[in-house]
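When the letters of the sequence shown are read in order and numbered with our numbering, they come out as residues 107 to 209.
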Amino acid sequence: MHRISAMVQSSRIEDVCKALSVLDVADLTVTEAHGFGRQRGHTTLYPSDGQPFDLLPKAKIEVVVARERLSEVVGFITKAANTGNFGAGKIFVSEILKMVNII
């Protein structure tokens with residue numbers, strides 16, 4: 107099994123979730139996040155230390171899939187999250203060694 111963690115623009119969450127539902131990917135987690143990449147972003151001043159950071163709203167979408175479905179799911183996420191510009195996001199794939207259901 108593999109975990110797919112996709113960091114995408116917040117505006118693309120709905121498109122990515124719809125694409126995953128087409129594939130019958132039922133279990134996913136969406137987390138709001140802020141960050142930046144090569145494109146930098148806009149400057150936000152955090153009052154805690156007064157230092158500016160270039161942060162953009164992002165979403166982290168995580169799913170766990172069987173190895174056989176990995177390429178297909180990554181392809182659907184890539185297509186749904188693509189904006190045609192740099193900064194559309196990144197996808198990270200890692201192997202899951204063990205999963206435990208909490209019941």
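In this text, a Cβ means the ideal position worked out from N, Cα and C, and glycines have one as well.
Subject >> Selection from Lys164, Arg144, Leu129, Phe198 that minimises the alpha carbon distance to Glu178 >> reply: Leu129
Original post:
Roughly how many angstroms separate the alpha carbons of Asn191 and Gln115, rounded to a whole number?
Top reply: 11 Å
**OP:** Since I believe Phe182 is in contact with Ala132 (beta carbons under 8 Å), could you give me their beta-carbon distance rounded to a whole number of angstroms?
**Re:** With a Cβ gap of about 14 Å, Ala132 and Phe182 do not count as contacting.
Original post:
Can you tell me whether Lys164 is buried or exposed, with buried defined as 16 or more other CB within 10 angstroms of its CB?
Top reply: Lys164 counts as buried, since no fewer than 16 other beta carbons sit within 10 angstroms of its beta carbon.
Subject >> Rounded straight-line distance, which links the Cα of Lys185 to that of Ser111 >> reply: Looking at the backbone, the Cα of Ser111 and that of Lys185 are separated by about 15 Å.
Original post:
In three-state terms, what does DSSP make of Ile209?
Top reply: coil
Subject >> Helix, strand or coil at Gly181 [DSSP, three-state] >> reply: In the structure shown, Gly181 sits in a helix (DSSP, three-state: H, G or I).
Subject >> Supposed close pair Val136, Ala187 - CB separation, criterion 8 Å >> reply: Incorrect: roughly 12 Å between the Cβ atoms, too far for contact.
Original post:
Among residues of its own chain, excluding the 5 on either side of Val199, which ones have a beta-carbon nearer than 6 Å to its beta-carbon?
Top reply: His108, Ile110
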